[in-house]
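As numbered in this note's numbering, residues 605 to 812 make up the sequence shown, in order.
By construction, the Cβ of each residue, glycine as well, lies at the ideal position given by its N, Cα and C atoms.
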Amino acid sequence: MGTFIVIEGIDGAGKSTQARLLAEWFEERGKEVVLTKEPTDTAFGKLIRRLVLTGGREGIIDGARISHEAEALLFAADRAEHVEKLIKPAIKEGKIVISDRYFYSSLAYQWARGLNLEWLIGLNRFAVRPDIVILLDLPVRESMRRINRRSIKSEFDRIAELQKAVRENYLRLAERFPEMKIVNALASVEDIHEDIVELVKHELSGEK
Ligand code: TYD
C-alpha cells in the first residue's frame with residue numbers, strides 16, 4: 605500500500621509550493637509520486653471553476669448565483685471522481701499520493717458558507733482518509749498580502765472575512781481529525797518544508 609498525504613490551508617498559505625517540494629523530496633528517495641489537487645483538472649474541476657470560483661456572470665444559473673448546497677455537491681462530485689479514478693488506484697500501486705486540498709477544504713470553506721458541518725462530513729464519507737494532513741496555518745492579513753500579488757483571484761480569495769472564518773474552521777477541524785497536523789506557514793519556504801518532512805517521517809515511521 606502507498607501513502608496518502610494532503611496539504612490544506614487558506615488561500616495564499618503556500619500549499620502548491622510545499623506540495624511540490626515534498627513530491628521532490630520523495631522522488632529524490634526513489635519513490636514514485638502522484639502530485640494532484642482539488643478542484644481537479646478534469647471536466648468536473650473546470651465546471652467548478654466556471655460556476656463557483658470565477659464569480660460574475662458565469663457563476664449564474666437561471667438568473668441566480670448557485671446555491672451553497674449545489675456548490676458543496678459539485679466539489680464532492682469532483683472529489684468522488686478523483687478518489688475512484690486516481691487516488692485509490694495510485695495508493696493500491698504503492699505510490700505516494702500528495703494532494704493540494706481534499707475534503708477538509710469542503711468542510712472548512714462550505715461550513716464557512718453557512719452549511720451544516722455534520723451534513724458536509726456525511727456527504728464526504730466516501731473519501732478515503734489520508735495518512736497525514738498538513739495544515740499550513742497563517743494569519744489572514746498575511747494571506748491577503750500574498751494573494752493580492754496574484755493576478756487571478758477566486759471569489760474566496762477576495763473576501764478577508766470569509767478567509768478568517770475558514771482559518772478558524774480549519775483549526776477547529778484539526779481538533780476533531782487526529783490526522784491533521786498544524787504547521788506554521790509564516791516561516792520561510794525552506795523551514796516549512798523541513799517541518800513538513802519531519803512530520804511525514806515521524807508519521808511514516810509508525811511512532812504516533
Ligand atoms: P485553489 O486551491 O485556489 O485552486 P486554484 O488556485 O487552482 O484555482 O482552490 C480554489 C478555491 O476553491 C479555494 O478558494 C478554496 C475553494 N474550495 C472549496 O471551497 N471547497 C472545496 O472542496 C475545495 C477543494 C476548494
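Run the proximity test for residue i: is its beta-carbon closer than 8 Å to any non-hydrogen atom belonging to the ligand TYD?
| i | result |
| --- | --- |
| residue 656 | yes |
| residue 692 | no |
| residue 679 | yes |
| residue 653 | yes |
| residue 709 | yes |
| residue 714 | yes |
| residue 706 | yes |
| residue 675 | yes |
| residue 722 | no |
| residue 643 | yes |
| residue 619 | yes |
| residue 741 | no |
| residue 624 | no |
| residue 753 | no |
| residue 771 | no |
| residue 615 | yes |
| residue 669 | no |
Answer yes or no: does any C-beta atom of chain D fall closer than 9 Å to that of residue i?
| i | result |
| --- | --- |
| residue 617 | Here there is only one protein chain, and chain D is not present. |
So, for residue i: in the same chain, excluding its five sequence neighbours on each side, which residues have a beta-carbon less than 6 Å away from its beta-carbon?
| i | result |
| --- | --- |
| residue 704 | 611, 619, 620, 623 and 641 |
| residue 799 | 787 |
| residue 691 | 701 |
| residue 750 | 616 |
| residue 656 | 675 |
Under DSSP, the beta strand (DSSP E) around residue i begins and ends at which residues?
| i | result |
| --- | --- |
| residue 744 | Careful: residue 744 lies outside any beta strand (DSSP E), inside the alpha helix (DSSP H) at 744-751. |
For the alpha helix (DSSP H) containing residue i, name the first residue and the last one.
| i | result |
| --- | --- |
| residue 682 | 672-686 |
| residue 695 | 692-696 |
CB-CB under 8 Å to residue i, same chain, minus the five flanking residues each way: which ones, in chain order?
| i | result |
| --- | --- |
| residue 716 | 766, 769, 770 and 773 |
| residue 605 | 695, 696 and 698 |
Grab me the residues of residue i's own chain with a C-beta within less than 7 Å of its C-beta, minus the 5 sequence neighbours each way, in chain order.
| i | result |
| --- | --- |
| residue 672 | 714, 717, 718 and 719 |
Please list the segments of the alpha helix (DSSP H) lying wholly inside the region 775-809, counting only runs of 4 or more residues, in order along the chain. Annotation note: the region 775-809 contains the following uninterrupted alpha helix (DSSP H) runs of length 4 or greater, listed N- to C-terminal: 793-808.
Runs of 4 residues minimum, wholly inside the region 713-737: which ones carry the alpha helix (DSSP H) assignment? Here the runs fully enclosed are 721-727.
Alpha helix (DSSP H) runs contained entirely in the region 606-641, provided each spans 4 or more residues: The alpha helix (DSSP H) runs of length 4 or more contained entirely in the region 606-641 are, from start to end of the chain, 619-632.
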